[in-house]
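Here it is as C-alpha cells:
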C-alpha cells in the first residue's frame, strides 16, 4: 500500500512551500535562456526559478559572474503558485539583514558539528520521532521544545540499521543509535541556544529643549526622570543624538511591556522639562527596532558628530599683510625726512 505521507527527508519546515517575502537558501541546478532553475534546500529541494532580471540591481554584463551551477546562496521569495508548483525567486531583492538571518539559521549549526550534511534529515527524524511518541500533530518548534527539557526522550528513540559480517561469515543487521554522542551534544547545545527567547529592543525618538537659565541642567534632570521610569525587566536608557534629538531605548521579552515602560518614561521626562518651562516633542513613538535600525542610528550619530566638529578659523588662513610703512629707504629720502 502506497504511503501518502509527505516526504520529510530534506524539508526543514512543516509547510510545503515558503511564504512570499521570505528569505530561503537555494542551490543552482541549471541556467536556461530566461533564468536559472534552483532547488530550495529547506523545502525538500522543490524547484524554483530566478529570472535574469532578478539577479542584480545593476546592469548585467556577465551572468556567470552572478550565478553559477552548484552555488548555494540566499534569495527572496517573490511569488508562490501552490497549484502549479511555481516559485519565483529574486537575488537582487534580498537585503543584507535577511542574508545574515538565513545564514545564521543554516551555517552556524554546520560549523559546530562534524556532520553538517545530515542536519536536514536529522531534523526530520526528530520530528517523526516526536510525532510517534506523543499523540496528535506536532510542529518542529514543539519537537525542539521537548529536546530542550528532555533530550533523551526524543534522541534515544532515533535508531538506524547497520549491516555487519558476523564471526560465521553471515551478514547480520544491527540496530544502533542514529545520533552519536558528539552530534547529540552539539545538537542539544544548538537547539537550547536557538530556543532561548531573544529580547526585543524598543526605541523612541524625542526632541527636548529648554532655553531657561541652567537649561542644560534641567534637561539632565529630565533624562534622569526618564531612566528612573524603567525597572529591572525593562531598564530605560536615554542618550543624545544631536541637540535637540534624543533616543530612549529598552530591552525586554515582552513587547507590550517595553512599549508601556518607554511611554511612561516619556511622560515622566515631559513633566520634568515642562516644569522648568522647557518643551518635549515625540518624533517617533516607542516601537520595536532591528539591528539594521541601530546601525543606521549609529551611522547618523557619527555623521552628525563629524559635522559638528569645531574647526579653527585660523587654520589654512593666509598671514595678514603688514599695512604699515613696509620697507622704506630713509637714506635716499627727499626733503622732510630727518635721519
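In the UniProt record's numbering, the protein residues as written are 1 to 339.
Ideal Cβ positions, reconstructed from N, Cα and C, are used throughout, including at glycine.
Please read these numbers as outputs of a predicted model, since none were measured by experiment.
If you ignore the 5 residues before and after residue 171, its C-beta comes within less than 8 Å of the C-beta of 163, 164 and 165, all in its own chain and listed in chain order.
DSSP lists no bridge partner for residue 184.
Cα atoms of residue 242 and residue 302: separation of roughly 10 Å, rounded to the nearest angstrom. Pairing residue 265 with residue 217, the inter-Cα distance amounts to about 18 Å.
For residue 35, the beta-bridge partners assigned by DSSP are 51. Here the alpha carbons of residue 38 and residue 47 stand approximately 6 Å from one another. The segment 228 to 241 and the segment 279 to 289 do not touch, with fewer than three beta-carbon pairs separated by less than 8 Å.
Our two residues, residue 97 and residue 292, have alpha carbons roughly 7 Å apart in a direct line. Runs of beta strand (DSSP E) with 3 or more residues, each lying fully within the segment 181 to 261, are found at 200 to 209, 237 to 242 and 245 to 252, listed in chain order. Residue 144 counts as buried, since at least 16 other C-beta atoms from the protein chains shown sit within 10 angstroms of its C-beta. In the three-state reduction of the DSSP assignment, residue 66 falls in the coil class, being assigned neither a helical nor a strand state. Contact holds between the segment 195 to 210 and the segment 249 to 265, because three or more Cβ pairs, one in each stretch, are under 8 Å apart.
A residue is called buried when at least 16 other Cβ atoms come within 10 angstroms of its Cβ; residue 75 meets this threshold and is buried. From the listed residues 27, 57 and 61, the smallest Cα separation to residue 45 is found for 27.
The three-state reading of DSSP puts residue 22 in coil, since its state is none of H, G, I, E or B.
For residue 98, the secondary structure class from DSSP, reduced to helix, strand or coil, is helix. Listed in chain order, the non-local C-beta contacts of residue 223 below 6 Å within the same chain comprise 238, local neighbours out to five positions each way being set aside.
Here residue 286 is buried: its Cβ has 16 or more other Cβ atoms, across all protein chains shown, within 10 Å. Rounded to the nearest angstrom, the gap between the Cα atoms of residue 29 and residue 57 is 22 Å. A distance below 6 Å between beta-carbons, with the five flanking residues on each side excluded, links residue 253 to the following residues of its chain, in chain order: 197 and 199. Contact between residue 42 and residue 93 fails: their C-beta atoms lie close to 18 Å from each other, not under 8 Å. The continuous alpha helix (DSSP H) containing residue 303 extends over residues 291 to 307. Within the model, the alpha-carbon separation for residue 70 versus residue 86 is close to 21 Å.
Closest option to residue 154, judged by alpha-carbon separation, among 221, 91, 233 and 178: 178. DSSP places residue 46 in the strand class (E or B) of the three-state scheme. Residue 276 and residue 210 do touch by the CB rule: their CB atoms are close to 6 Å apart, below 8 Å. When 148, 90, 251 and 305 are compared, the shortest CA-CA separation from residue 187 is found for 148. A Cβ-Cβ contact shorter than 9 Å links residue 88 with residue 49. Residue 77 sits close to residue 22, with the two beta carbons spaced by under 9 Å. Taking the C-beta atoms as reference points, residue 297 is found nearer than 9 Å to residue 247.
Residue 168 sits in coil when the DSSP states are folded into three classes, being neither helix nor strand.
The Cβ neighbour count for residue 20, taken over all protein chains shown within 10 Å, is under 16; the residue is labelled exposed.
Separation of the CB atoms of residue 176 and residue 159 is rounded to 7 Å, and the pair is thereby assigned contact status at 8 Å. According to the DSSP assignment, residue 155 belongs to the alpha helix (DSSP H) that extends over 152 to 155.
If you look at residue 179, you'll find it isn't in any beta strand (DSSP E); DSSP assigns it neither H nor E. Close CB contacts of residue 221 within its chain, under the 7 Å cut and outside five residues either way in sequence, are with 272 (chain order).
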